[in-house]
Structure formats: structure tokens, C-alpha cells
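Right, one structure below, let's go through it.
Residue numbers (my numbering): 649 to 902.
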């Protein structure tokens, strides 16, 4: 029994109910009842980490997410994140975060990772980082592919948040565990992970209620939506990174 995590889950479920969010969970039986695993999740909205944990509940599991170290310094979120034993990620000291994640995996935890690192503006899968695969290999645990679809309609980049009673459908789909062979190059498991997540994502998109009108902005261009293409999204990401770097430089010279 984890009092902090249990309390946060109960609060979150009340919020979801007030919002009228309608969750469909597919593949919950693929979440192991015990033992470590790296849950790799696509990233289309700011609330993804709060929704992903719902897929682990039928198995009686909780997920330890890797999150930005700044969140742990916040006076409100910090104590909660530490109480839920999530893992802080300091980009200037990534080795420590990696070791903490591997230790948690070896201890039998499910560690949640967003291999795209940042939200996908195109709502397609971006390029994956290799961290999820390397952690799974080091800890001797499998990868657990998962996708979320619909969360972008609640709150995502470049669009106003919609945290009221929207009755938004959200699909959570978990695929079968992917074993990771330490002797293989990371790209082997990464390719298998991406293929599995692509299949899950396309199936979720096909099953989702049709989007029309203004909601077409939440649909990938590939499906006839008004979201940026992956190429356009990449340019927006680059411009955002450049602006962030410029702000850091300005603060450093002040």
C-alpha cells in the first residue's frame, strides 16, 4: 500500500470523472503482474503521464515515471513526485537518472519512459531515443509498448488547454512485451518497439470516433487532419529549441 500514490490516483480519477473523460483500455493483460519492465509511451499531450497509469491498474501495478528534475523542486509537485517514487531526470547529470531507473527496474518496478522525449506536434511518432532500450538491456527486463490516443484534445502544445467537462474519449493500448537481448545493438529492439507502437497507434486512430470541424487540428495530416506534418513539426521544434537557448543565453549574460 502506497498512501501518497493511492491518494493521488484517487484524486486524479475524481478529476477525470468531473471532466467526463471516457477511457478505453486495450491490452491491460499485457502488463505483468510482477517484475520489472520499461513501459515506452508515445507523447501527444501534457497529461499523458496521468493517463498512462490507468493501463497498469488492472494488474495492480503502478508506474514510476522519469520526469524533469525541475518538477521535483516545485513546492507542491515535488513532495508528491518523491512520495510516488518517480525518478528525476537532470539533463546535466543524466548518468545518475539512468542508474536510478535501472536500479528501480532490477527491484521489480515498471518504469515509464517517453522515448520521443518531447510532445509530438504532428501526433505521429517522432524519432526515438535509445534510453528505454538501454535501460531494459541493463536491467534484464522487457520493453512494454504503449500508446495513448485522444489526450492531445485535452492539452497539448500550441493549443489552449481544455480541462473542463469535455467528455473526451481517450484510448490506452498496451502491446505484448518485447524481450531485449543484451548482445544485440540497441537499434534492433528500438526497431521492434517502434513497429509495435506504430501498429498500436494506427489501430487506436482507426477505432477513435471521427474528428470534424475545429477538432481536425488534433488529427495527423496523414489522416486528412490539420495538424502539422512531421516535417513541419520538426521545424517548429527546432525554432522552439533555438528560442529556449536564446533565453538561457540572455539570462546568463544578465
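Think of the CB as a built atom: it goes at the ideal place given N, C-alpha and C, for glycine as much as any other residue. Just so we're clear, the structure is a prediction, and the values are computed from it rather than from any experiment.
Sheet register partners of residue i (DSSP bridge)
i           : result
residue 678 : Looking at the DSSP assignment, residue 678 forms no beta bridge with any residue, so it has no partner.
residue 776 : DSSP lists no partner for residue 776.
residue 828 : Residue 828 is not bridged to any residue.
residue 716 : 737
residue 672 : 819
Backbone CA spacing between residue i and residue j [nearest angstrom]
i           : j           : result
residue 877 : residue 686 : 29 Å
residue 779 : residue 808 : 31 Å
residue 673 : residue 761 : 19 Å
residue 758 : residue 805 : 27 Å
residue 777 : residue 765 : 7 Å
residue 870 : residue 901 : 44 Å
residue 910 : residue 737 : Nothing about residue 910 can be reported from this structure: the residues present for the chain run from 649 to 902 only.
residue 845 : residue 823 : 8 Å
residue 763 : residue 688 : 6 Å
residue 698 : residue 712 : 11 Å
residue 664 : residue 769 : 24 Å
residue 873 : residue 682 : 40 Å
residue 859 : residue 868 : 11 Å
residue 879 : residue 847 : 21 Å
residue 771 : residue 887 : 18 Å
residue 803 : residue 898 : 29 Å
residue 652 : residue 700 : 18 Å
residue 751 : residue 885 : 32 Å
residue 852 : residue 693 : 16 Å
Assigned exposure category for residue i - 16 Cβ within 10 Å defines buried
i           : result
residue 723 : exposed
residue 669 : buried
residue 894 : exposed
residue 696 : buried
Close beta carbons around residue i, own chain, < 6 Å, minus the five adjacent residues each side
i           : result
residue 706 : 676
residue 830 : 785
residue 801 : 816 and 866
residue 862 : none
residue 837 : 781 and 828
Contact check, residue i vs residue j, beta carbons under 9 Å
i           : j           : result
residue 679 : residue 660 : no
residue 856 : residue 798 : yes
residue 865 : residue 875 : yes
residue 753 : residue 842 : no
residue 792 : residue 781 : no
residue 819 : residue 789 : no
residue 814 : residue 667 : yes
residue 691 : residue 714 : no
residue 849 : residue 889 : no
residue 657 : residue 710 : yes
residue 684 : residue 756 : yes
Neighbourhood of residue i by C-beta, 7 Å cutoff - its chain only, sequence neighbours within 5 removed
i           : result
residue 835 : none
residue 840 : 826
residue 854 : none
residue 720 : 726, 729, 730 and 736
residue 749 : 714, 735, 759 and 783
Any non-hydrogen atom of the ligand SAH within 8 Å of residue i CB
i           : result
residue 716 : Questions concerning the ligand SAH fall outside what the structure shown contains, since it holds no ligand whatsoever.
Own chain, CB closer than 8 Å to residue i, minus 5 neighbours either side, in chain order
i           : result
residue 702 : 671, 673 and 820
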